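S.K.: Below is one structure. I have some questions about it.
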Amino acid sequence: MIIEYQELSKICGGASITATFLSSFARMISSIYDVGNNLGSSIRRIVEKRMCSY
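Here the sequence shown is numbered in my numbering, starting from 2 and rising by one per residue.
Structure representation (structure tokens):
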């Protein structure tokens, strides 16, 4: 099937930024920040020897 130039100009679609995409991107950034924050806190507690004993 060969598509002519006139038919190609009528094709709609492609990548667009939607609210769902922005929401998932913001959630991903928030998750990465939380992981970094928790990892940094753990490293700081280990270095300062302030670990909680269970």
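Glycine is no exception: its CB is placed at the ideal position from the N, C-alpha and C atoms.
In this text the structure is predicted, and so the values were computed from the model without any measurement.
Assuming residue 52 and residue 45 make a contact with CB atoms under 8 Å, what is their CB distance in whole Å?
M.R.: So it is not a contact: roughly 11 Å between Cβ atoms.
S.K.: With H, G and I counted as helix, E and B as strand and the rest as coil, what does DSSP make of residue 27?
M.R.: helix
S.K.: Give the range of the alpha helix (DSSP H) segment to which residue 8 is assigned.
M.R.: 6–9
S.K.: Can you tell me which of the three DSSP states residue 54 falls into?
M.R.: coil
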